[in-house]
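Everything on this sheet refers to the single structure shown next.
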Amino acid sequence: MKKSPIYLALITSLTLTACGGGSDNNSSSNTSGNSANPANNIEETASVNNNYNTETSKDIQQWYSYSNESGESLSFIKNTITIENDKQYTKSVGLGNTRNSIDPVYFTKSFVYQSNAVEHPEYGTQTAAILNANANEWKVQPYSNNPNANDLTFTKKIRTIDLSGSNMLETIFFDAIYAYQNTAKASAKNAIGSAMYNFLATHAESQFPEGSKCYVVLNESANVPFIKVDKSILAQTDSDSFNLEKWEDYKTQATTFYVKMNNIEGYFEPDANNKTYYGLVNYNGYKRFAEYYSSGMIYDGEAQIKELENDLSYYQDNELKFNQSLLNHLKNNYCEYYNNVASNAIKTRYIPL
């Protein structure tokens with residue numbers, strides 16, 4: 338039987354403009370604030386804006402996402418996007434033993450984009466500017482310390498979903514709920530972690546109140562090519578032996594291609610099945626893992642859903658039942674960010690963040 342990719346993992350991954358707060362970050366990092374940290378000196382001509390107006394604007398939106406990690410213990414992360422006066426901010430808070438959020442740095446041919454080093458006192462880190470937004474599409478430009486940076490924009494096609502009356506646990510924790518309800522106790526605990534299993538066993542299903550909404554990014558495109566590296570990876574001050582050996586291999590392999598963006602260079606492997614090219618970059622003399630994106634479509638959730646739909650004929654019995662349920666979830670009530678009404682209900686009933 339044909340084995341398909343895990344579409345849920347693909348679709349729930351972070352969007353490129355640092356909207357997510359719960360992704361894995363397994364790299365070691367040096368997060369000290371001194372000038373020896375290369376990640377703090379990505380642009381020598383930086384002019385950081387720290388003149389925040391602490392008065393709340395009437396033109397404000399806030400959206401909230403939730404992620405969790407489960408094993409013997411359970412932890413949650415709540416990530417808040419605040420949009421005020423066409424500026425986008427991101428702030429994460431955790432409950433339990435949580436890991437740091439991904440903080441991407443983007444390199445184009447002319448500029449470098451990274452989150453503002455000075456946080457807003459209420460909203461957190463400024464990550465982007467909203468160039469245009471309506472009910473179906475957002476066009477954003479990632480933040481840069483360089484006021485002249487203007488060559489990289491992301492266009493996101495979004496769908497807003499009315500959650501009024503929908504089951505909360507099923508929406509927030511679809512995969513965990515499915516395992517809890519449809520597999521034996523031992524198998525469910527192994528699949529979702531004993532802590533998540535116990536959480537579901539002690540929390541009854543509830544429905545979202547009237548006015549609850551969420552949105553999901555259906556696809557995303559970029560207008561120019563770029564290299565993406567997490568800031569914590571750039572902060573590393575050494576190159577492990579694997580990266581050094583891989584770098585030498587990449588330099589001589591006929592299948593890899595070379596890219597130079599601004600003050601960073603790298604070798605990447607082409608992959609016809611993905612929008613992302615993975616490889617290594619050389620930055621300040623150190624070799625680090627990175628991603629390269631060409632211009633055009635860089636994420637296509639709609640295509641992934643269509644692929645899952647086409648693959649249903651390969652499944653039988655329990656696998657077919659799960660993938661049919663997953664497909665229905667992704668089409669109808671998969672959420673990335675929730676509005677205030679939905680978030681307050683989640684806070685009251687399940688996640689006190």
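If you use the numbering used here, the sequence shown closes out at 690, no skipped numbers anywhere.
We put the beta carbon where it would ideally sit given N, CA and C, even for glycine.
### Query
Does the segment 546 to 557 come close enough to the segment 667 to 676 to have 3 or more Cβ pairs within less than 8 Å?
In this structure the segment 546 to 557 lies against the segment 667 to 676, because at least three pairs of beta carbons, one per stretch, are closer than 8 Å.
### Message
Whole angstroms are fine: how far does the CA of Gly633 sit from the CA of Glu557?
### Response
Within the sequence shown, numbered from 1, the residue matching residue 557 stands at position 220. Within the sequence shown, numbered from 1, the residue matching residue 633 stands at position 296. Cα to Cα, Glu557 sits roughly 8 Å from Gly633.
### Query
So what's Gln641 in DSSP terms, helix, strand or just coil?
Within the sequence shown, numbered from 1, the residue matching residue 641 stands at position 304. Residue state, collapsed to three classes: helix.
### Task
Keeping to the same chain, check which residues put their C-beta closer than 7 Å to that of Phe545; ignore five residues upstream and five downstream.
Position 208 of the sequence shown holds residue 545. Excluding positions up to five away in sequence, the list reads Leu500, Ser501, Gly502, Ser503, Met505, Ala679, Ala682.
### Task
With DSSP as the reference, label Leu657 as helix, strand or coil.
The residue you call residue 657 lines up with position 320 of the sequence shown. In the three-state reduction of the DSSP assignment, Leu657 falls in the helix class.
### Message
Given this structure, state the Cα-to-Cα distance separating Glu380 from Lys476, to the nearest angstrom.
### Response
As a first step, residue 380 must be located in the sequence shown, where it is residue number 43. As a first step, residue 476 must be located in the sequence shown, where it is residue number 139. Because Glu380 carries a pLDDT of 43, less than 50, the predicted location of this residue cannot be relied on, and the following value inherits that uncertainty. About 25 Å.
### Query
If you run the structure through DSSP and keep just helix, strand and coil, what is Ala609?
Locating residue 609 in the sequence shown gives position 272, where the first residue counts as 1. Three-state DSSP puts Ala609 in coil, outside helix and strand.
### Task
Name the residue from Asn560, Tyr517, Gly530 whose alpha carbon lies nearest to the alpha carbon of Cys541.
If you number the sequence shown from 1, residue 541 lands on position 204. One detail in the question is off: residue 541 reads as Ala in this sequence, not Cys. Cα-wise, what sits closest to Ala541 is Tyr517.
### Query
Around the C-beta of Ala523, are 16 or more other C-beta atoms found within 10 angstroms, so that it is buried, or is it exposed?
Here the question's residue 523 lines up with position 186 in the sequence shown. Classification for Ala523: exposed.
#### Entry: Alpha-carbon to alpha-carbon, Ser404 and Asn669
As a position in the sequence shown, residue 669 is number 332, starting the count at 1. As a position in the sequence shown, residue 404 is number 67, starting the count at 1. Taking the straight line joining both Cα atoms gives about 19 Å.
### Task
Mark Gly431 as exposed unless 16 or more other C-beta atoms lie within 10 angstroms of its C-beta, in which case mark it buried.
Here residue 431 corresponds to residue number 94 of the sequence shown, with the count starting at 1. The residue is buried, with at least 16 neighbouring Cβ atoms inside 10 Å.
### Query
Are Ile439 and Ala559 close, meaning C-beta to C-beta below 7 Å?
Locating residue 439 in the sequence shown gives position 102, counting from the first residue. Locating residue 559 in the sequence shown gives position 222, counting from the first residue. If you check the CB distance, Ile439 and Ala559 do not come in under 7 Å.
#### Entry: Val561 and Lys493 closer than 7 Å at C-beta
Your numbering for residue 561 matches position 224 in the sequence shown. Your numbering for residue 493 matches position 156 in the sequence shown. In this structure, Val561 lies away from Lys493, with their beta-carbon atoms at least 7 Å apart.
### Task
Measure the C-alpha to C-alpha separation of Asn660 and Phe510 and round it to an integer number of angstroms.
Counted from its first residue, the sequence shown places residue 660 at position 323. Counted from its first residue, the sequence shown places residue 510 at position 173. One C-alpha to the other measures close to 15 Å.
### Local conformation of Phe510 per DSSP, three classes
Reading the sequence shown from its first residue, position 173 is the one you call residue 510. Coil at Phe510, not helix or strand.
### Cα-Cα separation between Ser631 and Lys612, rounded to whole angstroms
Here residue 631 is taken as the residue at index 294 of the sequence shown, counted from 1. Here residue 612 is taken as the residue at index 275 of the sequence shown, counted from 1. Taking the straight line from one Cα to the other gives about 8 Å.
### Query
Is Tyr480 near Ser447, with beta carbons less than 7 Å apart?
Working through the sequence shown from its first residue, we reach residue 480 at position 143. Working through the sequence shown from its first residue, we reach residue 447 at position 110. A distance of 7 Å or more separates the beta carbons of Tyr480 and Ser447.
### Message
Assuming Phe626 is part of the beta strand (DSSP E), what are its boundary residues?
### Response
On the sequence shown, position 289 is the one that residue 626 refers to. Going by DSSP, Phe626 is part of the beta strand (DSSP E) stretching over 623 to 630.
### Task
Compare the C-alpha of Ala572 against each of Lys428, Gly408, Pro441 and name the closest.
Translated into the one-based positions of the sequence shown, residue 572 becomes position 235. Nearest C-alpha to Ala572: Pro441.
### Task
Look up Pro484 in the DSSP assignment and give the residues it is bridged to.
In the sequence shown, the residue the question calls residue 484 occupies position 147. According to the DSSP secondary-structure assignment, Pro484 is paired through a beta bridge with no residue.
### Message
Assuming Val553 is part of the beta strand (DSSP E), what are its boundary residues?
### Response
Start at 1 with the first residue of the sequence shown, and residue 553 comes out as number 216. It spans 550 to 559 - the beta strand (DSSP E) in which Val553 sits, taken as one unbroken run.
### Query
Across which residues does DSSP place Phe594 in a beta bridge pair?
Taking the first residue of the sequence shown as 1, we reach residue 594 at position 257. According to DSSP, Phe594 bridges with Phe605.
#### Entry: Coil, strand or helix - Phe579 by DSSP
In the sequence shown, residue 579 corresponds to position 242, counting from 1. Phe579 sits in a helix when the DSSP states are folded into three classes.
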